[in-house]
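Residue numbers (my numbering), protein chains in the order written: chain A, 3 to 226; chain B, 498 to 727. Note that the Cβ used here is the ideal one computed from N, Cα and C, for glycine as well.
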Amino acid sequence: MTLRLGDYAPDFTANSTEGWIAFHDYLGDGWGVLFSHPGDFTPVSTTELGEVSRLIGEFERRDTKVVGVSAGSVSSHLDWADDIKEATGHSLNFPLVGDPDRVIASLYGAIRPFADDSAAVRSVVVVGPDKRVELLMSYPGSTGRDFTEVLRALDSLQLAARHPVVTPVNWEVGDEVIVAPVIPDEDAQVRFPLGFRTVTGYLRYTPQPGREAGSGRREESRSR
Amino acid sequence: MTDTVAGASGTAGMDEEEEMALQLGDAAPDFTTDSTEGEINLYKYLGDGWGILFSHPKDFTPVCTTELGEVARLKGEFDKRNTKVLGVSVDPVSSHTEWSGDIKEATGHALNYPLLGDPDRKVAGLYGMIHPNADNTLTVRSVFIIGPDKKVKLMITYPASTGRNFQEILRVLDSLQLTANYSVSTPVNWKDGEEVIIAPAISDEDAKVKFPKGFRTVKKYLRYTPQPNR
Numbered sequence: 003m004t005l006r007l008g009d010y011a012p013d014f015t016a017n018s019t020e021g022w023i024a025f026h027d028y029l030g031d032g033w034g035v036l037f038s039h040p041g042d043f044t045p046v047s048t049t050e051l052g053e054v055s056r057l058i059g060e061f062e063r064r065d066t067k068v069v070g071v072s073a074g075s076v077s078s079h080l081d082w083a084d085d086i087k088e089a090t091g092h093s094l095n096f097p098l099v100g101d102p103d104r105v106i107a108s109l110y111g112a113i114r115p116f117a118d119d120s121a122a123v124r125s126v127v128v129v130g131p132d133k134r135v136e137l138l139m140s141y142p143g144s145t146g147r148d149f150t151e152v153l154r155a156l157d158s159l160q161l162a163a164r165h166p167v168v169t170p171v172n173w174e175v176g177d178e179v180i181v182a183p184v185i186p187d188e189d190a191q192v193r194f195p196l197g198f199r200t201v202t203g204y205l206r207y208t209p210q211p212g213r214e215a216g217s218g219r220r221e222e223s224r225s226r
Numbered sequence: 498m499t500d501t502v503a504g505a506s507g508t509a510g511m512d513e514e515e516e517m518a519l520q521l522g523d524a525a526p527d528f529t530t531d532s533t534e535g536e537i538n539l540y541k542y543l544g545d546g547w548g549i550l551f552s553h554p555k556d557f558t559p560v561c562t563t564e565l566g567e568v569a570r571l572k573g574e575f576d577k578r579n580t581k582v583l584g585v586s587v588d589p590v591s592s593h594t595e596w597s598g599d600i601k602e603a604t605g606h607a608l609n610y611p612l613l614g615d616p617d618r619k620v621a622g623l624y625g626m627i628h629p630n631a632d633n634t635l636t637v638r639s640v641f642i643i644g645p646d647k648k649v650k651l652m653i654t655y656p657a658s659t660g661r662n663f664q665e666i667l668r669v670l671d672s673l674q675l676t677a678n679y680s681v682s683t684p685v686n687w688k689d690g691e692e693v694i695i696a697p698a699i700s701d702e703d704a705k706v707k708f709p710k711g712f713r714t715v716k717k718y719l720r721y722t723p724q725p726n727r
């Protein structure tokens, strides 16, 4: 099967480092990030899982649950968790699902989360509260992901879900956003009391709505 | 407009419903099609270098305008990395050409790379850029990085609401190019100039020869070394 944006994210029940997990139940009404790594006891993945552990508060702040998955067994994940803590200083603090039979891999087949080692892929699937796929990334084994970019994209997705806005290239929390083209100028004046500036007819910038509630995020998400 | 699709025998007879799902490591489908810089054959255009094929949903829409202006601003960065960039959407070339005036006016950067016209969705079909449950007719924000061997190295798919981050594209290009030339991989959040990781397949003895700047061992499979080409 080919997984595409807007598709229903396949549900699964599997054992994890935090016990059995029913994926959709686990996400509840919030957002989800399902990400795969090529193998336990491999170096880049160790740095990635430590970093996601370090950022867990940033994901929680965004009402987002993170689930990792690989073809390793749960007992392998648990052994490896000691290495992650020792190597990165951050203890694994989200469930790492064991998928030795590759049930989840085949459910999410199009992203081929962990074929064989030579074709191992670092996938990211962002799932919205409606359980639809919002965003996909496939990076090769050689290249560790940038989880600050995943947070940035989450901020954009969540803002666009709450307000009739979209976010420009390279946008970060606190930057101006773009009024959705379907909103006529008259409506925009009501919906965006801070006003907007028109660059071209369809490109109208406005201060980020609801910024008060989200203030300070940018500094936090950018801190290393 | 010509739209001969060459070198993609696996797709013959496939309709949009059954279009192939590209995977990392697959050959990037070749095509010949019309662009804002005339007819382009993908493989010939890329030559021996790297390529980025990226789609946007529609001309004369705001996020796309900011994205295409930004890519134009970064053209020198892509050139430096021996990487050719091609944009594509289901709009015709005539629309692209008209829109490019807006891109320049709105962002201050004139379009300086080819935008492919794909009104019959040939390229979009080959690369699976239309996701019917997101939008039936328009392409999503796809990015395909293509190596000198014409294989797909990396894929990113963002929805219409969310402009991409082209600094991230440059970052991963740096990683892909470095790891193609040295027995290393790059850790989470890595940026050009930072330490890299020695491939686990390399023994410590070999690593001492291959990485004369030395390395530090955190776990036996996690050994950091200064970036070798720096």
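Burial state of residue i (16 or more Cβ within 10 Å)
| i | result |
| --- | --- |
| residue 33/A | buried |
| residue 115/A | Residue placement at residue 115/A cannot be trusted, given a pLDDT of 46 that sits under 50; the coordinates are not used to answer. |
| residue 714/B | exposed |
| residue 10/A | exposed |
| residue 577/B | exposed |
| residue 581/B | buried |
| residue 532/B | buried |
| residue 629/B | exposed |
| residue 82/A | buried |
| residue 158/A | buried |
| residue 535/B | exposed |
| residue 22/A | exposed |
| residue 705/B | exposed |
Span of the beta strand (DSSP E) around residue i
| i | result |
| --- | --- |
| residue 631/B | Neither: residue 631/B is in no beta strand (DSSP E) and is coded neither H nor E. |
| residue 128/A | 123-129 |
| residue 549/B | 547-552 |
| residue 16/A | 15-18 |
CB contact check: residue i to chain A, cutoff 7 Å
| i | result |
| --- | --- |
| residue 626/B | no |
| residue 731/B | This structure cannot settle anything about residue 731/B, because the visible part of chain B is limited to 498 through 727. |
| residue 631/B | yes |
| residue 679/B | no |
| residue 634/B | no |
| residue 687/B | yes |
| residue 710/B | no |
| residue 684/B | yes |
Other residues of its chain near residue i: CB distance less than 7 Å, five sequence neighbours each side excluded
| i | result |
| --- | --- |
| residue 609/B | 569 and 572 |
| residue 131/A | 31, 32 and 33 |
| residue 723/B | 692 and 710 |
| residue 209/A | 178 and 196 |
CB contact check: residue i to chain B, cutoff 7 Å
| i | result |
| --- | --- |
| residue 202/A | yes |
| residue 49/A | yes |
| residue 178/A | no |
| residue 12/A | no |
Bridge partner(s) assigned by DSSP for residue i
| i | result |
| --- | --- |
| residue 58/A | The partner list for residue 58/A (beta bridge, DSSP) is empty, contrary to what the question assumes. |
| residue 537/B | 530/B |
| residue 613/B | 532/B and 585/B |
| residue 687/B | None, per the DSSP bridge assignment. |
| residue 651/B | 642/B |
| residue 726/B | Note: residue 726/B sits in no beta bridge, so no partner. |
8 Å CB neighbourhood of residue i in its chain, flanking five on each side removed
| i | result |
| --- | --- |
| residue 567/B | 604, 606 and 663 |
| residue 95/A | 55 and 58 |
| residue 129/A | 11, 29, 33, 34, 35, 36, 135 and 136 |
Close-in-space but distant-in-sequence residues of the same chain around residue i (CB under 6 Å, 5 per side omitted)
| i | result |
| --- | --- |
| residue 671/B | 689 |
| residue 575/B | 582 |
| residue 177/A | none |
| residue 557/B | 596 |
First and last residue of the uninterrupted alpha helix (DSSP H) at residue i
| i | result |
| --- | --- |
| residue 667/B | 663-678 |
| residue 575/B | 572-577 |
| residue 600/B | 590-604 |
Residue i Cβ short of 6 Å to the ligand SAH heavy atom set
| i | result |
| --- | --- |
| residue 164/A | Among the components modelled here there is no ligand, and therefore nothing to report on the ligand SAH. |
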